[in-house]
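In terms of this note's numbering, the sequence shown opens at residue 19 and continues consecutively.
We put the beta carbon where it would ideally sit given N, CA and C, even for glycine.
As the structure is a computational prediction, the values presented were derived from the model and not from experiment.
Presented below is the structure to which this report refers.
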Amino acid sequence: MNPQPRNPFLTVDAIIEIDGGIILIKRKNPPPGWAIPGGFVDYGETLEDAVIREAKEETSLDINLVRQFHTYSDPKRDPRHHTVSTIFIATASGNPVAADDAAEVKIFTRENLPKEIAFDHRKILEDYFEGRY
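The structure is reproduced here in structure tokens:
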């Protein structure tokens, strides 16, 4: 009998551009820190639908997808388990409000990013600000 294959979990994140900055959420659950809004893709859901849903759940904003940015797959990127995340760049307007598993939501610029950033999101943001991909 063959063992059940183990596959990485599929996730999405949105770098949401708003009011001259980008939105980060402060996580309610471990691992701690600030993060790019996002989460797990549900079975039967497209990446685009998942990132729009996750952004709404965590920031209360409707986002407009600009483009797919890059996919990150380092098995160590999430201390809980192996995840593969496709990152999207999006825009939004309005007042973000923390919801779901976001304890707080704020707008940051490259110059005032918080010290404690979860997962590999600091590298993702460096890639974004440097214009990589």
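Scanning Phe27, Leu65 and Pro21 for the CA closest to the CA of Asp92 turns up Phe27. According to DSSP, Asn82 shares a beta bridge with Thr109. In this structure, Ile33 places its C-beta atom within 8 Å of the C-beta atom of Tyr146. Under the three-state reduction of DSSP output, Ile125 falls in the strand class. Around Pro97, the same chain offers Pro49 as residues with beta carbons nearer than 7 Å, after the five sequence neighbours per side are excluded.
Here Arg45 has Gly51, Trp52, Ala53, Asp119, Ala120, Ala121 and Ala136 as same chain residues with Cβ atoms under 8 Å from its own Cβ, once five neighbours each way along the sequence are excluded. According to the DSSP assignment, Ile54 belongs to no beta strand (DSSP E), since it is labelled neither H nor E.
Note on geometry: alpha-carbon atoms of Val69 and Pro21 lie some 32 Å from one another. Around the CB of Thr127, fewer than 16 other CB atoms lie within 10 Å, so the residue is classed as exposed.
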